[in-house]
Amino acid sequence: MKTITFILSILFSATVFSQSLVEKSFPKEELFSLGSYYYPEQWDSSQWERDLKKMSDMGIKFTHFAEFSWSMMEPEEGRYNFEWLDRAVSLAEKYGLKVIMCTPTSTPPVWLSKKHPDILIRRDNGVQIQHGRRQHASWSSDCYRRYVENIVSRLAKHYGNNPTVIGWQIDNEPGHYGVVDYSENAQAKFRIWLQKKYGIIDKLNDTWGTSFWSETYQNFEQVCLPNQQEVPEKPNPHAMLDMNRFMADELAGFVNMQAGILRRHISRDQWITTNLIPVFNPVDPVRIDHTDFLTYTRYLVTGHNQGIGSQGFRMGIPEDLGFSNDQFRNRVGKTFGVMELQPGQVNWGVYNPQPLPGAVRMWVYHVFAGGGKFVCNYRFRQPLKGSEQYHYGMIMTDGVTLSPGGEEYVRITQEMKKLRAAYDKKSRMPKQLASRRIGLLFDMNNYWEMEFQR
């Protein structure tokens, strides 16, 4: 009993510490903070100061660096360069902007992919993904994880005590964008995962119902990740469910590993999070338990009609934000935020309409009303070239002109100033509202099963 009490007291203390740490960055009296992604590596360095000053002048409180810049940090194996990022952080500090620093592990550099091609994902059609985009490396590769540990350690040691850096984001939208990894690394790790879960092959056969259609396995080495391309009908549903669980565990292990590395080197004043796509394979937020809180990514207008009419086509589904707010409230507190929210049209949708006038502002207030502490919009400035060229920012490509969404953000920052001035610290939620209790039961295991079996 004493042991249990001691463990619970440690967990409670850690929870209180984690929550108070986050509240230092997002204090209650601030009500709500706005941030924006900025990519110094995409622009001539002579423009950085103008851009970051503009961001600050607009009322933005923090910026977001480096999640796609591994090749800038380590242009050759073992040769590190943080000078460019140091300057960007210093300029952010100069203009009163705090920084969320990111680990760059969603974009491994070409020298790594070419030296160790076995780290790359293999699709269900047998084609190995090559360098040239992002999220092309396998979480199941021990070789890749060693390189990840190295770059994350270097980055953490360099910025772990920088007071301008308030926190860390691990990777970017970890999830391989729904692509299942069929590499040899993943196949081997899946068999190990199954052995740990079932112990003996007879238990797996019984659970999966393999006696039907003569699917029975004699040992774990005969089991492969289920692949729709390799069978004439749908794969075994229990094998599919275990595959989704395995992938979610691999993702969580990848994030938790990086959190452990960061903890060894960063200040106790810096928090750790990651940004997840809600209700998306293979993401299961409850398995990620080494971060201080979780954030989510939401793009409401992406060219999908989904039966919501012409207005909804340019506004999105309100339930998407409402449900995500509820899902991502921290399991040990109430802190969460939206790490990506579009300020205008995107470039990757079926069609890419402009959001209706006022939609961006409405989304931000929807997060605020749902209890969120911040919104970080993606992105500050629309790029001139490269991937996502037609993805709008708060500022257009010239670095000066406000986009329609940027104008809405300026309005929001002005309104937030008025709300803060009117805020009464002694105010409490009305009792008739505070007494209401509604629970949402949601489990990714059920979601995976229903999606496959429907």
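So in the numbering used here, the last spot in the sequence shown is 1150, and the numbers never skip. Backbone N, C-alpha and C fix where the C-beta goes; we use that ideal spot for every residue, glycine too.
1) State buried or exposed for Phe1138, treating a residue as buried only when at least 16 other CB atoms are found within 10 Å of its CB.
2) Tell me which residue opens and which closes the alpha helix (DSSP H) that Leu748 is part of.
3) For Tyr873, is the classification buried or exposed, using 16 other Cβ atoms within 10 angstroms of its Cβ as the cut-off for buried?
4) Three-state secondary structure (DSSP) at Cys920?
5) Could you spell out the range, first to last residue, of the alpha helix (DSSP H) harbouring Thr903?
6) Per DSSP, which residues does Asn857 bridge with? Please list them.
7) Quick check on DSSP: helix, strand or coil for Asn1142?
8) Tell me whether the beta-carbon of Asn952 lies closer than 8 Å to the beta-carbon of Asp985.
9) In the structure shown, what three-state DSSP assignment does Leu781 receive?
10) Have a look at the DSSP bridge pairing and note the partners of Lys794.
11) Out of Ile1091, Glu911 and Leu996, state which residue places its alpha-carbon closest to the alpha-carbon of Tyr735.
12) I think Asn940 touches Asn977, with their Cβ atoms under 8 Å apart; what is that distance to the nearest whole Å?
13) Quick check on DSSP: helix, strand or coil for Arg1132?
14) Under the three-state reduction of DSSP, which class applies to Asn1073: helix, strand or coil?
15) Go to Ser809, then tell me how far its alpha helix (DSSP H) extends in each direction, as first and last residue.
16) Assuming Glu770 contacts Pro805 under a Cβ cut-off of 8 Å, what Cβ separation, rounded to an integer in Å, is found between them?
17) Is the stretch 845-854 touching the stretch 944-964, taking contact as three or more C-beta pairs under 8 Å?
18) How would you write the range of the alpha helix (DSSP H) that Ile888 sits in, first residue to last?
19) What's the C-alpha gap between Phe942 and Tyr992?
20) On the criterion of 16 or more Cβ atoms from any shown chain inside 10 Å, does Asn868 qualify as buried, or is it exposed?
21) May I ask you to report which of helix, strand or coil DSSP gives Gln865?
22) What's the gap between the Cα of Arg829 and the Cα of Pro1053?
23) Near Ala784, which residues of its chain fall below 7 Å by C-beta distance, leaving aside the five closest residues on each side in sequence?
24) By how many angstroms is the C-alpha of Ala788 removed from the C-alpha of Arg746?
25) Rounded to a whole number of angstroms, what is the C-alpha to C-alpha distance between Arg1010 and Leu793?
26) Please name the residue in Phe1019, Val1056 and Gly755 whose C-alpha comes closest to that of Lys1114.
27) Beta-carbon separation of Tyr1105 and Asn1073 under 8 Å?
28) Which residue wins for smallest C-alpha separation from His1087, given the options Glu726, Tyr733 and Glu719?
29) Within its chain, find whatever has a CB closer than 8 Å to the CB of Ser809; leave out the 5 residues flanking it on each side and keep chain order.
30) In or out: Gly863 buried (at least 16 other Cβ within 10 Å) or exposed?
According to the structure data:
1) So Phe1138 ends up on the exposed side.
2) For Leu748, the enclosing alpha helix (DSSP H) begins and ends at Trp744 to Asp753.
3) Tyr873 is exposed by the Cβ-count criterion.
4) Cys920: coil per DSSP, three-state reduction.
5) Counted as a single uninterrupted DSSP element, the alpha helix (DSSP H) harbouring Thr903 occupies residues Ile897 to Trp904.
6) In DSSP, Asn857 forms no bridge with anything.
7) Helix, per DSSP.
8) In contact: Asn952 and Asp985 (Cβ atoms closer than 8 Å).
9) Three-state DSSP puts Leu781 in a helix.
10) Answer is Phe758, bridged to Lys794.
11) The option with the nearest alpha carbon to Tyr735 is Ile1091.
12) Asn977 and Asn940 do touch by the CB rule: their CB atoms are close to 6 Å apart, below 8 Å.
13) In this structure, Arg1132 counts as coil in the three-state DSSP scheme.
14) Reduced to three states, the DSSP call for Asn1073 is strand.
15) Its alpha helix (DSSP H) spans residues Val806 to Lys811.
16) Indeed, because the Cβ distance is near 7 Å, the residues count as touching under 8 Å.
17) Three or more beta-carbon pairs drawn from the stretch 845-854 and the stretch 944-964 are found closer than 8 Å, and the two stretches are therefore classed as touching.
18) Residue range Glu880 to Tyr894 is occupied by the alpha helix (DSSP H) that includes Ile888.
19) Separation of Phe942 and Tyr992 (C-alpha to C-alpha, rounded to the nearest whole angstrom) is 22 Å.
20) Buried: at least 16 other Cβ atoms inside 10 Å.
21) If DSSP states are grouped into helix, strand and coil, Gln865 belongs with the strands.
22) When rounded, the distance between both Cα atoms is 33 Å.
23) Here the set comprises Pro736, Trp744 and Phe761.
24) Taking the straight line from one Cα to the other gives about 11 Å.
25) Each residue's Cα considered, the two are about 32 Å apart.
26) Checked all of Phe1019, Val1056 and Gly755; the closest Cα to Lys1114 is Gly755.
27) Contact: yes.
28) The shortest C-alpha separation from His1087 is found at Tyr733.
29) Contacts found: Ile815, Leu816, Gln826, His827, His832 and Ala833.
30) Gly863 comes out buried.
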